Amino acid sequence: MTTAAPAIELKGISKAFGPVQANRDISMSVARGTIHGIVGENGAGKSTLMSILYGFYKADRGEIFINGKPTPIPDSQAAIRAGIGMVHQHFKLVENFTVVENVILGAEDGALLRPSIAKARRLLTELSQEYGLKVDPDAVVEELSVGHQQRVEILKQLYRHADILILDEPTGVLTPSEADQLFRILERLKTEGKTIILITHKLREIMEITDTVSVMRRGEMTNTVKTSQTSPSELAEMMVGRKVLLQVDKTPAKPGDVVLRVEDLHVRRGGVDRIKGVSFQIRRGEILGIAGVAGNGQTELLEVLGGMIAATGGAVTLFNEPIDITGKHSNAQTRRARGIGHVPEDRQDEGLIMAFEAWENVAFGYHKDPKYNSGPLMNHAAIKADCADKMDRYDVRPPNPRLPARNFSGGNQQKIVVAREMDRAPDLLLIGQPTRGVDIGAIEFIHKQIIALRDQGKAILLVSVELDEIMGLSDRIAVMFDGRIMGERLPSETDQNELGLLMAGVVTDSTRGAA
Amino acid sequence: MDKMPKWADVILIPVISVVLALLVSGLVVAIIGESPIRAMQVMVRGAFGSAYGWGYTLYYATNFIFTGLAVAVAFHARLFNIGGEGQAAIGGLGVAIILLNVAWPHWTIALVAAICFSALFGAAWAAIPAYLQAKRGSHIVITTIMFNYIASALLVYVLVNVFRVEGSMSPETARFAEATNLPTASDFAGFLGFGTSAPLNFSFFIALLACVGVWLLIWRTRLGYEIRSFGHSDTAAVYAGINPVKITMITMLISGGLAGMMAINVVMGEAERLVLDFVEGAGFVGIAVALMGRSHPVGVVLAALLFGALYQGGAELQFEMPAISREMVVVIQALVILFTGALDNMVRMPMQAVFLGLRRRREAAAPRTPAE
Chain Y
468 MTTAAPAIEL KGISKAFGPV QANRDISMSV ARGTIHGIVG ENGAGKSTLM SILYGFYKAD
528 RGEIFINGKP TPIPDSQAAI RAGIGMVHQH FKLVENFTVV ENVILGAEDG ALLRPSIAKA
588 RRLLTELSQE YGLKVDPDAV VEELSVGHQQ RVEILKQLYR HADILILDEP TGVLTPSEAD
648 QLFRILERLK TEGKTIILIT HKLREIMEIT DTVSVMRRGE MTNTVKTSQT SPSELAEMMV
708 GRKVLLQVDK TPAKPGDVVL RVEDLHVRRG GVDRIKGVSF QIRRGEILGI AGVAGNGQTE
768 LLEVLGGMIA ATGGAVTLFN EPIDITGKHS NAQTRRARGI GHVPEDRQDE GLIMAFEAWE
828 NVAFGYHKDP KYNSGPLMNH AAIKADCADK MDRYDVRPPN PRLPARNFSG GNQQKIVVAR
888 EMDRAPDLLL IGQPTRGVDI GAIEFIHKQI IALRDQGKAI LLVSVELDEI MGLSDRIAVM
948 FDGRIMGERL PSETDQNELG LLMAGVVTDS TRGAA
Chain G
27 MDKMPKWADV ILIPVISVVL ALLVSGLVVA IIGESPIRAM QVMVRGAFGS AYGWGYTLYY
87 ATNFIFTGLA VAVAFHARLF NIGGEGQAAI GGLGVAIILL NVAWPHWTIA LVAAICFSAL
147 FGAAWAAIPA YLQAKRGSHI VITTIMFNYI ASALLVYVLV NVFRVEGSMS PETARFAEAT
207 NLPTASDFAG FLGFGTSAPL NFSFFIALLA CVGVWLLIWR TRLGYEIRSF GHSDTAAVYA
267 GINPVKITMI TMLISGGLAG MMAINVVMGE AERLVLDFVE GAGFVGIAVA LMGRSHPVGV
327 VLAALLFGAL YQGGAELQFE MPAISREMVV VIQALVILFT GALDNMVRMP MQAVFLGLRR
387 RREAAAPRTP AE
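Top line first, the protein sequences correspond to chains Y and G.
Note that the numbering used here gives residue 503 to position 36 of the first sequence, counting from 1, and the numbers run on in steps of one.
Note that the numbering used here gives residue 177 to position 151 of the second sequence, counting from 1, and the numbers run on in steps of one.
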């Protein structure tokens, strides 16, 4: 391979959406046959830049060079012709088609499918062998694991002769071992001369696999460094613009009385058993972390405890008093009245009304609180004052109670939810994906708040798909797989590998420890 | 970071839509060989040129305020109540029942009873589709439309078989007792020149009161907060402990009640008896009124006034310019509904682009931006 011309070169790319300058004068060059990482906080402009490269958006200014040649990319067809392939965070597959049907979709040779499929099957087999991407061409996509579905996405791009692969947060939906397999595939693709751009917010992955890394901040590309010459803390500092604590500071837990006791909980939803007999307890001053790949019953666990859905079996007590989990005589408001706070997994669909102004959101779920009301009417002035106070103490920016929720950044939206749910110091806090889509600075802040609540002697149930977060915050870790708890571990006595195996439902000698 | 200033959203866009609709209407009038300018003059003069015109315009507007509020309240819960027509018809039945069966000493007491019964009957008619939506997921648009037909058939049956005056050929009830007749515009505003022929009556004030009530309900009460929350996101509502079944039911009951109250204006205030098809499409116009009024009571009043003027001006138009038939007038009204309701985005998108462009230019002109 010649290394004379870089595979991709961007010169002075700028793009604005209305008043927001999403990309400002970005120049970047990626050598052929390397893996280049792009990191940055949410809203730093990574996705916009990649969308420009893939022809979804048109840059206001700037040029794109592919293999040294200036190449305008007005649409994704042009991107494909230029040899660029994109693997999206959310797969774009037709679930009830087979692998081979998905791969040829949009790249059929003619009106008749049969010859295309035969050719595609042959090519797929070759590609699979060449790059170690083992997938059964005739398997139906919805029956494949998430990791294999991702391989189909990659094969789809290779089938279209992509030489440059862009992967957007590829490990978000994978178990640690699936992520390892993905990295091995990427290494293999690299040695075969492909160029890979990896967008991620996980610094560990950047360190593990990339050759070079660029940092984006507020629409600008602030640094590009060789991965071997940097460190996670240095990258974090470049992303945020100040020193950040990556490690959570906390003292050992001092667990007290049992706050929450869950026994043999069952939840059935949409005709599927989501929780199949889960039991655990949480004490005062303790954080129980629930690890697991998304979709293994954690969502339902939070929702049933938060009063959003009904359980089909089991018993739950709070301070030894039973909670009505059938949902007949209770809902999320009665749970709040019992001292259960709930930071939901999805702040945009559940935790906030995006069209409501911040102050209206501060009352959300607590709108019957007497201090927010005077007689039959709501006391807007009181709510606004409370909102301003919370915004001040929880560092919500901009501190404007009249701004609609959707106009805050992800991190500040989350701070509004956290302020609302944690400021009342609930006896039990349910908190799901506390830092999903939240910038590093806000992550640090939210983690500190969680620890502080624990140190006040409150019980916390933490659900997260980020193993680092679970390991960093939890006093005990339970791993959920397929609606069951596979085991409980102390963070000091386990590691990512063991948790990863449990998350994949593997019980081996090493994981069959005392629960 | 809103795309447009609020005044543009609330005032500019509806005004542009109406102007566009009138331009297209003018084109249609020109095509059939009449002068659009004269037609416009006739309409405006017919609607606003005399106390007589005002008397009709405000009378129609009263109907549209009620039905517009009904649709607007449901909109806040993201429920599309197309059933105003049927709910108003059944509301009329309620008015007739209570006014015919009790010897009311004074119109004020009768009015209170009529308000209660019209609202109750309208709400009851909305309750069944609401229940089907809340519990069974049957789409409320479909069920409320179907209930319009049932209501209309029911009204025919009741008027022919139950309430028809012995020996009469027309499907209508007996006249209500004189004591229940509402004051008309000539009674309470005769000094403004309203004659006895104008149908405007006391119900107009009830309609305005209803606007205040709806405003309080939606923006000042906990129930309104819950309705709006549910309308924006039903999952978030469940998260906040708001019962979707309860909110769907209550919202539709309020909506149906408001639609039913329209009957006070026509049945009690104007006809003074229950007649067939007295709703005359006001339930459907209410949808356009709510859309145009952006589901806000003030907007609803303004939009209702516009449609009232279109109705009254349109009637004058076919009277004064015989070449413009009744169907032509309906076309003009339909164009206004089309442009203000259905084609909202056609005006909105370009206007957003204009405001965005203006703002960008303003920001580019601002001295602080250190362009490269």
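Cβ atoms here follow ideal geometry from the backbone N, Cα and C, with glycine treated the same way.
Just so we're clear, the structure is a prediction, and the values are computed from it rather than from any experiment.
Assuming the contact rule is C-beta atoms closer than 8 angstroms, residue i and residue j should be a hit. Round their C-beta distance to whole Å, please.
| i | j | result |
| --- | --- | --- |
| residue 152 of chain G | residue 107 of chain G | 7 angstroms |
| residue 147 of chain G | residue 117 of chain G | 5 angstroms |
| residue 493 of chain Y | residue 687 of chain Y | 7 angstroms |
| residue 114 of chain G | residue 327 of chain G | At roughly 18 angstroms, the Cβ-Cβ gap does not stay under 8 angstroms, so residue 114 of chain G and residue 327 of chain G are not in contact. |
| residue 338 of chain G | residue 83 of chain G | 4 angstroms |
| residue 582 of chain Y | residue 592 of chain Y | Not really, about 16 angstroms apart at Cβ, beyond 8 angstroms. |
| residue 794 of chain Y | residue 777 of chain Y | 3 angstroms |
| residue 624 of chain Y | residue 649 of chain Y | Between residue 649 of chain Y and residue 624 of chain Y the Cβ distance is about 14 angstroms, and since that is not below 8 angstroms, they are no contact. |
Is the separation between the beta-carbon of residue i and that of residue j shorter than 8 angstroms?
| i | j | result |
| --- | --- | --- |
| residue 382 of chain G | residue 485 of chain Y | yes |
| residue 825 of chain Y | residue 868 of chain Y | yes |
| residue 427 of chain Y | residue 871 of chain Y | Since the first and last residues shown for chain Y are 468 and 982, residue 427 of chain Y lies out of range. |
| residue 104 of chain G | residue 257 of chain G | yes |
| residue 885 of chain Y | residue 916 of chain Y | yes |
| residue 554 of chain Y | residue 620 of chain Y | yes |
| residue 727 of chain Y | residue 926 of chain Y | yes |
| residue 30 of chain G | residue 344 of chain G | no |
| residue 350 of chain G | residue 51 of chain G | no |
| residue 520 of chain Y | residue 663 of chain Y | no |
| residue 680 of chain Y | residue 697 of chain Y | yes |
| residue 816 of chain Y | residue 262 of chain G | yes |
| residue 780 of chain Y | residue 856 of chain Y | no |
| residue 897 of chain Y | residue 934 of chain Y | no |
| residue 119 of chain G | residue 202 of chain G | no |
| residue 710 of chain Y | residue 704 of chain Y | yes |
| residue 622 of chain Y | residue 600 of chain Y | yes |
Exposed or buried, residue i, counting other C-beta atoms within 10 Å across all chains shown (16 or more means buried)?
| i | result |
| --- | --- |
| residue 981 of chain Y | Bear in mind that a pLDDT of 44 at residue 981 of chain Y, under 50, signals an unreliable position, so the number given afterwards is only what the model happens to contain. Residue 981 of chain Y is exposed by the Cβ-count criterion. |
| residue 132 of chain G | exposed |
| residue 64 of chain G | exposed |
| residue 217 of chain G | exposed |
| residue 539 of chain Y | exposed |
| residue 387 of chain G | exposed |
| residue 741 of chain Y | buried |
| residue 396 of chain G | Per-residue confidence for residue 396 of chain G stands at a pLDDT of 39, beneath the threshold of 50, marking its modelled position as unreliable; no derived number is given. |
| residue 80 of chain G | buried |
| residue 393 of chain G | With a pLDDT of 48 at residue 393 of chain G, under the threshold of 50, the predicted position of this residue should be treated as unreliable, and no value is reported. |
| residue 628 of chain Y | exposed |
| residue 513 of chain Y | buried |
| residue 960 of chain Y | exposed |
For residue i, return the contacting residues in chain G, with the cut-off set at a CB-CB distance below 8 angstroms.
| i | result |
| --- | --- |
| residue 919 of chain Y | By Cβ distance, chain G contributes nothing, its closest Cβ being about 24 angstroms from residue 919 of chain Y, past 8 angstroms. |
| residue 816 of chain Y | 259, 261, 262 |
Along chain G, in chain order, which residues have C-beta atoms closer than 7 angstroms to that of residue i?
| i | result |
| --- | --- |
| residue 811 of chain Y | 265 |
| residue 517 of chain Y | The premise fails here: residue 517 of chain Y is roughly 22 angstroms from chain G at the closest Cβ pair, so nothing lies under 7 angstroms. |
| residue 820 of chain Y | 255, 258, 259, 262 |
Quick one: list the residues of chain Y neighbouring residue i, beta-carbon separation under 9 angstroms, in chain order.
| i | result |
| --- | --- |
| residue 246 of chain G | 843, 844, 845, 847 |
Could you name the residues of chain Y that residue i contacts, counting a contact when the two beta carbons are closer than 7 angstroms?
| i | result |
| --- | --- |
| residue 251 of chain G | 834, 845 |
Just the chain G side, please: which residues come within less than 9 angstroms of residue i by C-beta, in chain order?
| i | result |
| --- | --- |
| residue 768 of chain Y | Under the 9 angstroms cutoff, chain G gives no residues; its nearest Cβ is about 15 angstroms from residue 768 of chain Y. |
Within 8 angstroms (strictly less), CB to CB, does residue i reach chain C?
| i | result |
| --- | --- |
| residue 562 of chain Y | The structure shown contains no chain C; the protein chains it does contain are Y and G. |
Short-range partners of chain Y found in the stretch 253-283 of chain G, where Cβ spacing is below 7 angstroms: Taking 7 angstroms as the Cβ-Cβ cut-off against chain Y, the residues of the stretch 253-283 of chain G that qualify are 255, 258, 259, 261, 262, 264, 265, 266, 267, 269.
The stretch 302-332 of chain G: positions lying closer than 7 angstroms to chain Y by Cβ: none
Contact list for the stretch 832-846 of chain Y against chain G, Cβ threshold 8 angstroms: Of all residues in the stretch 832-846 of chain Y, 832, 834, 835, 840, 843, 844, 845 have a Cβ within less than 8 angstroms of some Cβ in chain G.
Residues within the stretch 360-391 of chain G neighbouring chain Y, beta-carbon criterion of under 8 angstroms: Residues of the stretch 360-391 of chain G with a C-beta atom less than 8 angstroms from some C-beta of chain Y are 382, 385, 386, 389, listed in chain order.
The stretch 593-608 of chain Y: positions lying closer than 8 angstroms to chain G by Cβ: none
Positions along the stretch 795-808 of chain Y whose CB lies within less than 8 angstroms of some CB in chain G: 798, 799, 800, 801, 802, 803
Contacting positions in the stretch 768-789 of chain Y - beta carbon closer than 9 angstroms to chain G: Going along the stretch 768-789 of chain Y in chain order, one finds 770, 773, 774, 775, 776 with a Cβ nearer than 9 angstroms to chain G.
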